[in-house]
Structures are given as structure tokens and as C-alpha cells.
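Trainee: So the sequence lines, in the order shown, correspond to chains A and B. Positions 3 to 172 (my numbering) are the ones given, in order, by the first sequence. Positions 3 to 172 (my numbering) are the ones given, in order, by the second sequence. Note that CB positions come from ideal geometry on N, CA and C, so glycine has one too. Mind looking over this structure? Questions follow.
Protein chains: 2
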Amino acid sequence: MPNKPAAPITMDAVYAAPGYLFRRMQQIAVSIFMEECKAFDLTPVQYAALVAIHTHPGIDATRLSAVIAFDRSTLGSVIERLLAKDFIERKPAPEDKRIKLLYLTKSGAAILREIIPAVERAQARMLEPLNPADRKTLMGLLAQLVDLNNEASRVPLRAEDALEHLGKGG
Amino acid sequence: MPNKPAAPITMDAVYAAPGYLFRRMQQIAVSIFMEECKAFDLTPVQYAALVAIHTHPGIDATRLSAVIAFDRSTLGSVIERLLAKDFIERKPAPEDKRIKLLYLTKSGAAILREIIPAVERAQARMLEPLNPADRKTLMGLLAQLVDLNNEASRVPLRAEDALEHLGKGG
DNA sequence: TCTAAATTGACAGTATACTTACGATCTAGG
DNA sequence: CCTAGATCGTAAGTATACTGTCAATTTAGA
């Protein structure tokens, strides 16, 4: 078979490209989240970190990065900001001097409780323009795609097995 | 009606949240793009900027930001990097001393031609785990959602009317 | 015409997101 | 026991992505 002729270079090709749509949607999602949650001064990433620390008290930074699927280096500054806001605290692990364990403070637990409704409003708003059936279809396909592409990302999600050394698993 | 009881705070709720899935998918998409295009030393954003400048020679930075839907401030450094790599050039506009017009250099036009196959491979890989019907469904719904949410983002896309003052419209 | 408002590009500041590298520490193998 | 390799947190460097603000310039209205 002959090669396909080169397509003309157009913006329409960019607008229809998966990568472009993913980037736009992420921009929009962050924008909506920040708008709904601006009273709490928490970013989406900081929120995810708080939930993970709430769910796994005493987790360390490396495992936290696996549980919320983002880079360890990035996480360092996220943790510092949460420490500065007094939403989490960090304690040395008695049995391993390299590790620092993370816990929610009272203030962190409180803001987590209070922010939930705003987060839920934000999540709902992101999908609001679609009808309920389409929302379900989109989320289902996207969840599949993210899962099947997990290894393609630089920081794959390791929800369960990342915690094996914390006394919760195998 | 009574309020819904507060749902427990779990990571599963985070993993299923639209905002989380959009962020993960964006991370994965960038990772795949960079992998396929690493020989060209171009980021997804720099690629989009090159295509836009190719399509609209003599565009200025403000209109460019509207055409690819990203922030003017961010764009400043993107333009500087493209200038440093000698992929674009910047000329003052004769009729308006504030404006600097952007053009591809020969080297910029060349790399744009050469990178296209790698970009197409990257876009295909992002959707590869889904079957063709599901790919189409996902892209259709996502394109709809991005379009309908356009105004929710801080930098709405203004593909056409952003160019009215360039002698292409109105 | 002359000033007030808008526009343009630049800058500083914050927050992801990634890379590579490094010292401290732990663990396994010999 | 003692070193090789792995792991932990940290740091420096690059690149988006956004918030403001600012000066220079243009435009519109009184």
C-alpha cells in the first residue's frame, strides 16, 4: 500500500487531537476546582494529598506519591506547603531514620471535612454540560483508559501494593 | 428532604472523581508525547504554538494565546524558548509599536514537517488501549465537554474571532 | 485635542510536574 | 562484619499554568 499523503497542518487537527483535549479539559477542571474551593486555599493536588494522608495515617512521602500518582520531587514542595499551613505534621519513623511519617493535624482534618461539599460541587460542575448518560459513558471510558495506560505515565499509580510495608497488606 | 449523609472520605472517591481522571490522563498524554517526540526536543505546548504560527503567520503573542487557549504569561516563556531554538522569529509591527509579530524560521518549518509522524504516533498511542468504537465515543464526548465548558476556563479558546484584527475576518 | 480606558508585552510570584543528582541510611551478600 | 546496592528525602534545573502588576502605546470619547 502507498503511504498516506501528508495531511495539511491545521489548527483543526490540533483541536481534535486527544492530547490537546486532555490538556484543555485539565485546565478547565483545575479552574472550576479553584473557583469552588477558593475559600479554603487548597489546590486539587493538596486536596488529594490530604485525603491520602487521612486514609493512610503515618504514610511516608514516597508511598504517598505512589498512592496519588505524582512525582516524589513535586510532592516535596506540596508537603512543605501543607506543613506551612499547619494541615499536616511530620514525625521521624523510629525504625528507619530516612523516613518521615505524615499525619493530619486537627486543623487539617477539619478543613478536609469542610471542603468536601465544595469539592463535590466542583466535580459535578465539570460534567454538568453533558446529560447523565453521557457523563457515565465518558467517566467509564476515561477510567478504563487511565487504568490501561497506567504504566505509560512516569509515576504509575500503585494504590494497594505501595502500602505493603506499612503493615496494611501482604 | 433530609440531607444526604456525609460519604466516608476514601481514596476510591478520589480515583473516580472527574478532576482526578483528567489530571491523570493529562500526565499520561504528556508522557507519551515526550517519549515519541524526544528526538525533536519539542514539548506539546511548543508544538501547538508552532502549528498556530505556521497557520497564522504574523500573529502576535496575545492572539496566539487565544488561538491555542493558553495563558499570555505562560506564552512569553514558550516564545522565548522557541526563539532560543531558532524555530521562530519576532518582528515589530509597523503600525503598532506595542505588537511583535511571530513567524516560523526555515528551521521551524522544517522541524514541524519532520515531527508530524511522531506526533501522530503519540496521539494514537494515547487511545490505543480502547477499541476503535470506544475511542470515537470518548473523543466525541470530550470534545463536546471541552467546548461547552470553554468559558469556564481562565483562558477560553477563541479560534476565529481572535484573528479579526489580522485581516482574516470581520 | 486631550485625557481616560483599553491593549500589549514584560515581570514577579505561586504551584504543579518532571529530570537528574546527591548524601544519609538501610539491607543483603559474601 | 562490611561493603554493594537499594531506598529516602532533598535539591537544582526546566517547563507549563496561573495571578497579579507595570510601563509603553494605542484608541475612543468628551
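Count the other CB atoms within 10 Å of the CB of A/Pro134; is the residue buried (16 or more) or exposed (fewer)?
Mentor: A/Pro134 should be labelled exposed.
Trainee: To be precise: take each residue of the segment 15-30 of chain A, compare its Cβ to all Cβ atoms of chain B, and keep it if any distance is under 9 Å. Which residues remain?
Mentor: Here the close residues are Ala15, Val16, Tyr17, Ala18, Ala19, Pro20, Gly21, Tyr22, Leu23, Phe24, Arg25, Arg26, Met27, Gln28, Gln29 and Ile30.
Trainee: So, for B/Leu85: in the same chain, excluding its five sequence neighbours on each side, which residues have a beta-carbon less than 8 Å away from its beta-carbon?
Mentor: Hits under 8 Å: Glu91 and Arg92.
Trainee: If the criterion is Cβ atoms closer than 8 Å, does the pair A/His56 and A/Val69 meet it?
Mentor: Not a contact, by the Cβ cut-off of 8 Å.
Trainee: Can you list, in chain order, the residues of its chain with a C-beta nearer than 8 Å to that of B/Glu116? Leave out the 5 residues immediately preceding and following it.
Mentor: These residues qualify, in order along the chain: Phe42.
Trainee: Assuming A/Glu38 contacts A/Arg137 under a Cβ cut-off of 8 Å, what Cβ separation, rounded to an integer in Å, is found between them?
Mentor: In fact, because the Cβ distance is near 18 Å, the residues do not count as touching under 8 Å.
Trainee: Could you give the residue range of the alpha helix (DSSP H) that holds A/Pro20?
Mentor: Pro20 to Glu38 is the extent of the alpha helix (DSSP H) around A/Pro20.
Trainee: Relative to the C-alpha of A/Phe35, which residue among A/Thr12, A/Arg123 and A/Leu144 is closest?
Mentor: Considering only alpha carbons, the answer is A/Arg123.
Trainee: If B/Gln28 and A/Gln28 are in contact, beta carbons under 8 Å, what's the gap, nearest whole angstrom?
Mentor: At roughly 4 Å, the Cβ-Cβ gap stays under 8 Å, so B/Gln28 and A/Gln28 are in contact.
Trainee: In chain B, which residues lie with their C-beta within 7 Å of the C-beta of A/Ser79?
Mentor: Simply none; closest approach about 17 Å.
Trainee: Which parts of the segment 41-83 of chain B are runs of the alpha helix (DSSP H), unbroken and 4 residues or longer, counting only runs that do not cross its ends?
Mentor: List check, alpha helix (DSSP H) in window: 46-57 and 63-69.
Trainee: From which residue to which residue does the alpha helix (DSSP H) around B/Lys87 run?
Mentor: No alpha helix (DSSP H) contains B/Lys87, which DSSP labels as neither H nor E.
Trainee: Just curious, the beta strand (DSSP E) that B/Leu103 is in, first and last residue?
Mentor: Taken as a continuous stretch (DSSP letters only), the beta strand (DSSP E) holding B/Leu103 covers Asp98 to Leu106.
Trainee: Could you say if the segment 71-85 of chain B and the segment 46-55 of chain B meet the contact criterion of at least three C-beta pairs nearer than 8 Å?
Mentor: The segment 71-85 of chain B, when compared against the segment 46-55 of chain B, does touch it at the 8 Å Cβ threshold.
Trainee: Within 10 angstroms of its Cβ, does A/Pro10 collect 16 or more other Cβ (buried), or is it exposed?
Mentor: The residue is exposed, with fewer than 16 neighbouring Cβ atoms inside 10 Å.
Trainee: Using a cut-off of 9 Å between C-beta atoms, extract the partners of A/Ile118 located in chain B.
Mentor: Those within 9 Å of A/Ile118 in chain B are Ala8, Ala9 and Ile11.
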